[in-house]
Amino acid sequence: MTATHATLRVEEPSDHDGGPVKAPAAAPRRSVLRGRALRTTGFHLSAGLLSALWLLPIVLVLVTSTRTFDDIAAHGVGSWPHSFTLDGFRQAWVDGGQQRALINSLLVTIPSVLLSLGLASMAAFGLSRYDLPFRRVLLLLMLGGNLLPPQILLIPVSKLSEVLGIYDQLYALIGVQVGFGVGFYVFVLHGFMRAIPGEIQQAAVIDGAGPWQIYWRIILPLARPALAALSALSFTWIFNDLLWAITVLRTDTQMPITASLIGLQGQYVSMWNVIAAGSVIAAAPTVAVFLRFQRHFVAGLNLGAVK
């Protein structure tokens with residue numbers, strides 16, 4: 003008996019022309035791409051609108067600072083400028099006392115940043131690289147001190163500076179900025195230094211390096227990104243501070259530039275061009291520092307995170 007084998011052939015579906023029907027795979031792909039493009043366009047439009055709204059007051063201050071008083075008085079602050087002059091900067095710089103105020107701010111900010119980061123880096127090195135007693139308690143105390151609102155400490159700080167005989171002196175403000183900043187810097191640098199591999203320190207100990215050499219030649223160079231980020235952040239915070247300046251200082255010649263702006267508004271009540279010029283002068287140093295350390299400034303938001 004001969005067995006016949008029937009071969010089954012599955013025919014592809016075809017259209018009326020006889021060709022195979024293609025699966026509609028391109029249509030969902032096009033819809034996905036179109037939706038992604040719409041979301042991207044919407045995001046950029048929203049971000050651009052928010053950026054424009056954020057930059058609008060800055061542009062208004064810059065334009066106002068270069069206008070004359072007669073132009074502003076005749077057409078209003080928000081009108082299109084009809085003049086251009088830098089006389090408002092001269093009045094704010096010379097007559098308004100911004101020159102001396104800017105020097106005071108730098109005399110306070112630069113030593114405060116250096117002392118704060120220097121002390122904080124040494125404390126963070128000891129707490130992160132050595133098994134010190136009550137290490138966790140110290141870190142929690144430093145962190146808890148930064149959680150206290152500064153308003154409840156205004157009167158004690160003012161009275162303490164009077165008792166110590168340093169009231170109305172720039173180094174009193176430096177001491178306040180260092181005292182209230184070290185705790186936060188130690189907490190941040192501790193997290194960064196603790197992530198440095200311990201084998202590096204062990205190799206240095208085998209080579210005969212002491213604690214100071216390990217700190218100065220190994221840990222500090224490795225922690226340079228964190229120190230650069232904290233330098234930019236602390237410079238901005240201390241330079242823009244107003245609360246502690248008006249707490250421990252009294253004389254106009256001792257005031258930093260943020261407190262001097264208040265006096266400038268009282269001196270030039272309706273001369274908006276001079277007030278705007280003083281604001282530009284006060285903002286220029288922090289803008290320059292931000293542009294110089296922009297990459298580290300943004301990276302400072304992630305300091306202390308798990309790597």
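Numbering of the sequence shown is given in our numbering, commencing with residue 3 and proceeding in unit increments.
Virtual Cβ for every residue (Gly too), placed ideally from N, Cα, C.
If you're wondering where the values come from, they're calculated on a predicted model, not measured in any experiment.
Distance between residue j and residue i (C-alpha atoms, nearest Å)
{"i": "Ala234", "j": "Phe292", "result": "7 Å"}
{"i": "Ile176", "j": "Ser107", "result": "10 Å"}
{"i": "Leu327", "j": "Ala125", "result": "An answer regarding residue 327 cannot be provided, because it is not within the stretch 3 to 309 covered by the chain."}
{"i": "Phe136", "j": "Leu156", "result": "30 Å"}
{"i": "Ile221", "j": "Gly146", "result": "26 Å"}
{"i": "Leu88", "j": "Val282", "result": "12 Å"}
{"i": "Thr249", "j": "Pro83", "result": "39 Å"}
{"i": "Thr238", "j": "Pro223", "result": "23 Å"}
{"i": "Ala169", "j": "Trp246", "result": "In the sequence on display, residue 169 carries Tyr and not Ala. If you take the alpha carbons of Tyr169 and Trp246, they lie about 12 Å apart."}
{"i": "Gln269", "j": "Leu55", "result": "30 Å"}
{"i": "Ile198", "j": "Phe91", "result": "48 Å"}
{"i": "Val207", "j": "Asn242", "result": "43 Å"}
{"i": "Thr68", "j": "Thr111", "result": "28 Å"}
{"i": "Ile60", "j": "Ala75", "result": "20 Å"}
{"i": "Ala279", "j": "Ser272", "result": "13 Å"}
{"i": "Ser48", "j": "Phe295", "result": "27 Å"}
{"i": "Leu149", "j": "Ile259", "result": "27 Å"}
{"i": "Leu134", "j": "Ala290", "result": "40 Å"}
Three-state secondary structure assigned by DSSP to residue i
{"i": "Pro135", "result": "coil"}
{"i": "Ala225", "result": "coil"}
{"i": "Ile168", "result": "coil"}
{"i": "Arg69", "result": "coil"}
{"i": "Trp82", "result": "coil"}
{"i": "Ser262", "result": "helix"}
{"i": "Asn242", "result": "coil"}
{"i": "Pro113", "result": "helix"}
{"i": "Met273", "result": "coil"}
{"i": "Thr249", "result": "helix"}
{"i": "Thr87", "result": "coil"}
{"i": "Asp97", "result": "helix"}
{"i": "Leu119", "result": "helix"}
{"i": "Ile202", "result": "helix"}
8 Å Cβ cutoff, residue i in contact with chain D
{"i": "Leu172", "result": "The structure shown contains no chain D; it is built from a single protein chain."}
Inter-residue CB distance, residue i and residue j (contact presumed, cutoff 8 Å)
{"i": "Thr70", "j": "Ser85", "result": "4 Å"}
{"i": "Ala103", "j": "Ser236", "result": "No, Ala103 and Ser236 are not in contact; Cβ-Cβ is about 20 Å, not under 8 Å."}
{"i": "Val276", "j": "Gln93", "result": "5 Å"}
{"i": "Val184", "j": "Ala122", "result": "5 Å"}
{"i": "Leu129", "j": "Leu119", "result": "Not quite, the Cβ-Cβ distance comes to about 15 Å (not below 8 Å), so this is no contact."}
{"i": "Met144", "j": "Phe189", "result": "6 Å"}
Other residues of its chain near residue i: CB distance less than 8 Å, five sequence neighbours each side excluded
{"i": "Asp254", "result": "Gly99, Ser262 and Gly265"}
{"i": "Leu109", "result": "Leu172"}
Residues of its chain near residue i, where Cβ-Cβ distance is below 6 Å and the 5 sequence neighbours each way are ignored
{"i": "Ser114", "result": "Ile176, Gln179, Val180 and Ile240"}
{"i": "Arg252", "result": "Asp170"}
{"i": "Tyr217", "result": "Phe127"}
Same chain only: Cβ atoms within 7 Å of residue i, ignoring 5 sequence neighbours per side
{"i": "Leu64", "result": "Val282"}
{"i": "Ile202", "result": "Ile220"}
{"i": "Phe186", "result": "Asn148"}
Closer than 7 Å: residue i CB and nearest the ligand SAM heavy atom
{"i": "Val184", "result": "The ligand content of the structure shown is nil, which means the ligand SAM is not present either."}
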